[in-house]
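Residue numbers (my numbering): 370 to 498.
Glycine included, C-beta positions come from ideal geometry on N, C-alpha and C.
Here is the structure we will look at.
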């Protein structure tokens, strides 16, 4: 078997990712769009279908799993803790969803705000920052 130089393969991948303008691994890149991990493949698949790249029957292979609210409600014995950061785009996407989830399921909601990563001294790569 051929000898694999893992260090150069990693270095090449890191350069490619930097050239494409991203700072994190485990990403899919297609058509100047980033797809954050395998759980987001359905977005890429839908994009490819929109572009006419589907050569089969047109059925989605990796459809987004449905979100099903079950019939059970909690008596506030379970606590959902969320740690929102005011500057985080993830908070903007998830906060109202978490509040609604707690409301509809009856779990107790504990909101524990955190400072943005940089204000907490978390190092941020130059590419991201």
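Strand pairing of residue i, partner residues [DSSP]
i           : result
residue 479 : 450
residue 403 : 398
Cα-Cα separation between residue i and residue j, rounded to whole angstroms
i           : j           : result
residue 498 : residue 440 : With a pLDDT of only 48 at residue 498, under the threshold of 50, the placement of this residue in the model should not be trusted; the figure read from the coordinates follows. When rounded, the distance between both Cα atoms is 44 angstroms.
residue 471 : residue 478 : 6 angstroms
residue 391 : residue 492 : 16 angstroms
residue 413 : residue 442 : 35 angstroms
residue 416 : residue 435 : 19 angstroms
residue 476 : residue 484 : 25 angstroms
residue 428 : residue 437 : 22 angstroms
Start and end residues, alpha helix (DSSP H) containing residue i
i           : result
residue 459 : 458-474
residue 419 : 410-419
residue 378 : 375-389
Endpoints, beta strand (DSSP E) assigned at residue i
i           : result
residue 398 : 397-399
Expected contact under 8 angstroms - CB spacing of residue i and residue j to nearest Å
i           : j           : result
residue 409 : residue 451 : That belief does not hold up - the Cβ atoms of residue 409 and residue 451 are roughly 21 angstroms apart, past 8 angstroms.
Should the region 442-460 be called in touch with the region 420-430, which here means at least 3 C-beta pairs below 8 angstroms?
no
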